[in-house]
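Heads up: the sequence shown begins at 1 in UniProt numbering, then just goes up one per residue. The beta-carbon is built from N, C-alpha and C at its ideal position, and this holds for glycine as well.
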Amino acid sequence: MPGYEVTESRLRCVLPFEAVPAEVRMLRRAAVQQLSRWDMPVAADDAELLVAELATNVVKHVGEGASATLILERKAECLRLEVHDKSPVLPIVREAGCGDECGRGLHLLAAMAVDWGTVLTAAGKAVWCEIPLNSGRTCHRFERAVEALENYEGAARGLGQHGRGREVSLVESAVELIADLLHWTSARGHDPDDILDRAQMHYEAESEAA
1 MPGYEVTESR LRCVLPFEAV PAEVRMLRRA AVQQLSRWDM PVAADDAELL
51 VAELATNVVK HVGEGASATL ILERKAECLR LEVHDKSPVL PIVREAGCGD
101 ECGRGLHLLA AMAVDWGTVL TAAGKAVWCE IPLNSGRTCH RFERAVEALE
151 NYEGAARGLG QHGRGREVSL VESAVELIAD LLHWTSARGH DPDDILDRAQ
201 MHYEAESEAA
């Protein structure tokens with residue numbers, strides 16, 4: 001990786017990289033180190049996973065060895081991640097269940113980010129996302145949640161949407177999935193209210209510990 005440039009007054013970091021697996025690993029570490037300098041450790045886990053997904057998409061869909069740039073930008077209440085490359089082809093989120101080549105990384109991006117999108121640039125394109133700075137979420141739980149929604153019967157509805165439209169679709173699928181799980185618990189002789197209470201207690205305990 002050629003190096004990076006940080007403009008502290010703007011809280012903006014520019015990280016050029018070459019789209020190869022070894023540099024993707026270095027890019028993740030560099031992003032985490034920069035967030036530590038900005039005193040943003042709570043966002044580091046989510047950012048590390050998203051940086052890996054964004055950079056890996058360049059490797060897979062632009063080409064191994066392609067030149068690209070990651071930009072980290074700290075805003076008032078969120079962290080913005082952008083990856084710029086020289087391909088004008090915008091990524092497409094396709095149906096769930098068709099494999100990694102259909103954009104599983106973008107499904108994960110849409111699930112974790114409060115907003116995301118793509119834009120054509122003079123040199124190619126940029127894929128960007130924003131995550132909240134007060135997030136206490138953990139990456140492995142997000143990956144499990146995304147996988148569950150993708151494999152859920154109604155998860156494919158609205159997968160072609162982007163940004164907040166995609167977020168609304170995921171929320172609706174999550175509600176339907178939770179409702180079906182409650183039906184399952186009731187059919188097995190359990191109390192749905194008890195299951196909800198236990199899940200809420202588990203969530204709150206993990207959030208306080210984060």
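Here E53 is buried: its Cβ has 16 or more other Cβ atoms, across all protein chains shown, within 10 Å. With respect to the 8 Å criterion, L11 and E73 are classified as neighbours on the basis of their beta carbons. Here H190 carries a coil assignment [DSSP, helix/strand/coil].
For V51, same chain residues with a beta-carbon under 7 Å away, outside a window of 5 residues either side, are L27, R28, A31, L70 and L81 in chain order.
By the Cβ neighbour-count rule, A199 is exposed, with fewer than 16 other Cβ atoms within 10 Å of its own. Collapsing the DSSP output to three states places S67 in a strand. Contact between K125 and P88 holds: their C-beta atoms lie close to 6 Å from each other, under 8 Å.
E23 is the residue among W38, M201, E23 and D115 whose C-alpha sits nearest the C-alpha of A68.
Annotated three-state conformation of K125 is strand, per DSSP. Taking the C-beta atoms as reference points, V127 is found no nearer than 8 Å to V168. C-alpha of D191 to C-alpha of D180: approximately 14 Å in a straight line. Judged by DSSP in its simplified three-state form, I92 adopts coil rather than helix or strand.
Spatial neighbours of L35 in its own chain (CB-CB distance under 8 Å, excluding positions within 5 residues in sequence) are listed in chain order as P41, A43, A44, A47, L72 and L79. One alpha carbon belongs to V175, the other to L196, and they sit about 13 Å apart.
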